[in-house]
Structures are given as structure tokens and as C-alpha cells.
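Chains as they are written, first to last, in the UniProt record's numbering: chain S, 1 to 222; chain F, 1 to 222. Note that CB positions come from ideal geometry on N, CA and C, so glycine has one too.
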DNA sequence: GTATCGGATATTGGATCCAATATTCAATAT
DNA sequence: ATATTGAATATTGGATCCAATATCCGATAC
């Protein structure tokens, strides 16, 4: 029997995955602008490591489509054209609606409470840049009930690619107010066990964001 | 004006991406068994490089979910549980049906001819292990007409994860014959411009393969 | 005979060093 | 004045070397 609590320091994250997580977050939140070059040397210095783990992190980001690398030129934050962004919204609408459809029958009271708490924090949030996190948390809480890990992973990746634009759009005009209203409607459908309605509302919610983004920004990038 | 043909040797693939492509192919085709350890040193020797580009290739594979890495233990080919495989089939059915629905109205005669040629090669193929390639080529040819690159990428990734099991199942019993029949039906719907029917047939085609796999193999791995 | 401990070996993660090439900018020819 | 050439610099990709740790196997205690 174990008499001491083990701490798994051996399983602690590698330098590369720490750097990856930090860069990913910076890109997803929009702190790094589209096209911004990511210098290996500079990043290595800021993390007090060599360039090796930095390169590993950059290859991970490239696999996720968050950066583009060119030989002898380096990595830059990968921006999306309007067509690409639109396609990703369409994809999300398709997959998230289906996940929602399958999640509703499995939602426990606890899941619904957690989601409700998310919305309350969303309404009370003072920092606009925090909306994005709460938005994701709300949706993920509901989706997780589906017990479809592969779907969740794919959704997360798609979300990463467009989150910056979504966040920028959320603070504009009536973005916040509409999101709040639509979230309430989705949660209501979930609470009543109406899977089809929840799925339809989810798709509308995402496609509405797509159209709103297309209006506000003529072209997102390059 | 350019008087000489330029060859872009500078843009030639890096060692890491060559190794990645080779390992990916080996895993997807099932030449490397589930759980098989991938030793950096060994791979490096067989490609006449150092371990650095090998590690880069392994991180790419890990991002794709094709290998699992553990610190100080190394990378192994990532097998799928029955539940995971089933989920990926469901995902494919959802996404590929939608892509097909949107592709049909855009299919030119050339696309249809290319797909038809695929099927003929499929029927005439002598090497059973070549079926898998032709199967993918057939579907991809049709999907590409949709002009939805993000969707295609996601589908490709999902396909990579289950292709081994699919190939193994294809050569069993009536797998080949049924695939041939279903492909013809799909192509027929496409040729007649019946998008909804093509989409429905595509979903059935994939879910049928899912069920067939579930029958033939009690558990896929681990 | 069996279980536990300790060192040898194997293997990975990271640091440092070297090679290759893109970019920049000054010098020069037209 | 402008376009071209060539050297200096910056930056990446890969090789070699070092540190950390998991695994294996023999020695030892009971």
C-alpha cells in the first residue's frame, strides 16, 4: 500500500507542451495578430529554453493549422480568409448540432446547473475578453454530456481556428446581448429534454455568428 | 522572362516531413501493428538522419492521434478501442454525407469520369491491399468537388485513424462485393444530380462498414 | 525459493554547435 | 537615378553531445 502521496513529477508536462499551450492560447485569444512572425530564438529566450522545444511547439501548432511555416523563413500566425472562416462556421454548425442532439438525453441536473452558472458568470463578467472563455465553457459543458470525445476534440480544433474573430465580433454591437439570449434558449431546450430543438438552436446560433462576422468584417485577413 | 526551368530545390520537403509521411503511411496501411513501439534511434538510422527530425515527425503523428508518446518511454502506434472506432465512423457518416450533399451540384463530367475510372480499377485490382487506396481515392474524388478544403482535411484525418481496420475488414467475406455495389449506387446518384440520395447512401455506406467491423471483430484493440 | 534492492543499459528530452539559405544594404555599373 | 551585384546579417533545419529516468537483471536478505 502506498503510504505517501505520489506527485507524478515525471509526468509533468514537457517544455515543448508548455510552450505549445502558451502560444496556442495567445493565438486563440488574438493576442498575436494574423501574420505575426514567431521567431524561434525570441520565444526560446522568453521561456529560458533552447530552440529545440520551441520548434516542437511550432510543429504542433502547424499541425493544428494555427501557424504556417516556410523553410528558412519561419512561422507566422495563420490568418483565415473569409471563405475559410465561413467554411469552419458551417462545419461547426453541422457537428455541434449533432453532438447537442446526442448530448441532451444524457444531461444530468448537475450538467445543467454548471451550464446555468456559466451563463450567470457570463452576464456578470466585467472583462469583455473573458466572454470568449465563458462562451466556450458553456458550450463545452453541454457537449461533454454526449460522451463523444473524438467529436469534442474536432470541435475544439475548429473553435481554436476562429475564436479570435468570434471574440472580436462578440464585443461589437449587439453580439453580447444576442449570445446571451440564444444561450438561454439553448439551455431551456436542454432542460426540457427537447434534443431536436436544442440541436436546431445550436446550428442557428453558430450560423448567426457566421453571418454577423461576415457583415462586420468585409474580409478577415489576406 | 525565365529562360530556364526552375526546380525549387529550396522548397523540397524537409527531412521531418518525409519521415512523417513514411510513418503515417505505414500506420494507416496497417504495416505497423497497434502498440508497436517506434524507437527514435532505429528510425533515425533507417533514414540516415539524426533523431531530431524523427522527433519532429513523431510530434506530428501524435497531434494527428496516430501515436501516443509517454515521457522516457517513447511513442507507440495508437490503437483504437471499439467505442473510439465506432465514434469515428459516426463522425464520418455525419460529415461525409454533408460534404457529398454539397458536392453533387458541383460535379462536372470530368469528376464523374475520374470516379468511374476509380471503380473500374477497384474491380480489376489484384492486390487486396491496394483496395484501400482506391477506396479513398474514389470518395475523395467526389468530395473534392464540394470545394470545402477544411472539411476534406478533417475527413482525411478521421479516415487515417480507422483505415487499417477498414482495410482488414474489406478483404473479409463479402466486404469487397458490398463496397463495389454501394459505390456504384453512390456514383449513380451523383450522376443523376440527386444530392439527397447520394448523401443518404454515403451515410449508409459508412455506417454499414461500422457495423460490419463491429461484428467481425469483437474488440479492435486494447 | 522468493521478494527486494542496486547498478548497468536503453531511451528519451533538451542544450549547444554547425550548415544552408533568405534578406538586407551598401557599392558599383549603366 | 536606377538597377544589379555581392558581402554581412538573421534565421531556420539538422547533427552531436549531455542530463534524466525507465527498464532489466543479478545479488542479497529473509
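With respect to the 8 Å criterion, residue 119 of chain F and residue 125 of chain F are not classified as neighbours on the basis of their beta carbons. At a C-beta separation below 8 Å, residue 88 of chain S has these neighbours in chain F: 150. Beta-bridge partners assigned by DSSP to residue 141 of chain S: none are found.
Listed along chain S, the residues sitting closer than 9 Å to residue 60 of chain F by beta-carbon distance are 59, 60, 62, 63. Using a CB distance cut-off of 8 Å, residue 212 of chain F does not count as an interface residue toward chain S.
Sequence-distant Cβ neighbours of residue 162 of chain F in its own chain, meaning closer than 6 Å and more than five residues away, are 85, 88. Here residue 209 of chain S is buried: its Cβ has 16 or more other Cβ atoms, across all protein chains shown, within 10 Å. Secondary structure note for residue 21 of chain S: its alpha helix (DSSP H) is the uninterrupted segment 15 to 28. The beta-carbon of residue 207 of chain F is placed no less than 8 Å from the nearest beta-carbon of chain S. One Cα belongs to residue 96 of chain F, the other to residue 74 of chain S, and the distance between them is close to 34 Å. If you draw a 10 Å sphere on the C-beta of residue 31 of chain F, you find fewer than 16 other C-beta atoms in it, and that means exposed.
Taking 8 Å as the threshold, the shortest C-beta distance from residue 77 of chain S to chain F does not fall below it. The three-state secondary structure of residue 112 of chain S, taken from DSSP, is helix.
Taking the beta carbon of residue 94 of chain S as reference, the chain F residues within 8 Å of it are 94, 95, 98, listed in sequence order.
In the structure shown, residue 106 of chain S adopts helical secondary structure according to DSSP, grouped into three states. Beta-bridge partners assigned by DSSP to residue 68 of chain F: F:76. When CB distances to chain S are screened at a threshold of 9 Å, not a single residue of the stretch 173 to 198 of chain F falls below it. Residue 142 of chain F is not a Cβ neighbour of residue 169 of chain F, given a cutoff of 8 Å.
With a threshold of 8 Å between beta carbons, residue 91 of chain F makes contact with chain S.
Residue environment analysis places residue 150 of chain F among the buried positions, since at least 16 neighbouring C-beta atoms fall within 10 angstroms of its C-beta. Rounded to the nearest whole angstrom, the C-alpha separation of residue 65 of chain F and residue 102 of chain F is 28 Å. The beta-carbon distance between residue 83 of chain S and residue 67 of chain S, rounded to whole angstroms, is 20 Å. This is too long to meet the 8 Å contact definition. Non-local C-beta neighbours of residue 202 of chain S in its own chain, meaning closer than 7 Å and more than five positions away in sequence, comprise 96, 97, 100, 186, ordered along the chain.
Excluding residues up to 5 positions away in sequence, 216 lie with their Cβ nearer than 7 Å to the Cβ of residue 172 of chain S in the same chain.
Here the alpha carbons of residue 167 of chain S and residue 132 of chain S stand approximately 6 Å from one another. Taking all protein chains in view, the Cβ of residue 107 of chain F is crowded by 16 or more other Cβ atoms within 10 Å, so the residue is classified as buried. For residue 54 of chain F, no Cβ of chain S is located within less than 8 Å of the residue's own Cβ. Under a criterion of Cβ atoms nearer than 9 Å, the residues of chain S adjacent to residue 84 of chain F are, in order, 149, 150.
The beta-bridge partner set that DSSP reports for residue 37 of chain S consists of S:76. Identification of residues in the stretch 153 to 171 of chain S having a C-beta nearer than 7 Å to some C-beta of chain F yields 154, given in sequence order. Taking C-beta separations shorter than 6 Å and ignoring five residues to either side along the sequence, the partners of residue 197 of chain F in its chain run 189, following chain order. At a cut-off of 8 Å between C-beta atoms, residue 71 of chain S counts as an interface residue with respect to chain F.
Under the 10 Å beta carbon count, residue 109 of chain S is surrounded by fewer than 16 other beta carbons and is classified as exposed.
What residue 14 of chain F touches in chain S, judged by beta-carbon distance under 7 Å, is 71, going in chain order. Look at residue 171 of chain S here: in three-state DSSP terms it is coil, with no helix or strand label.
Here the alpha carbons of residue 21 of chain S and residue 43 of chain S stand approximately 13 Å from one another.
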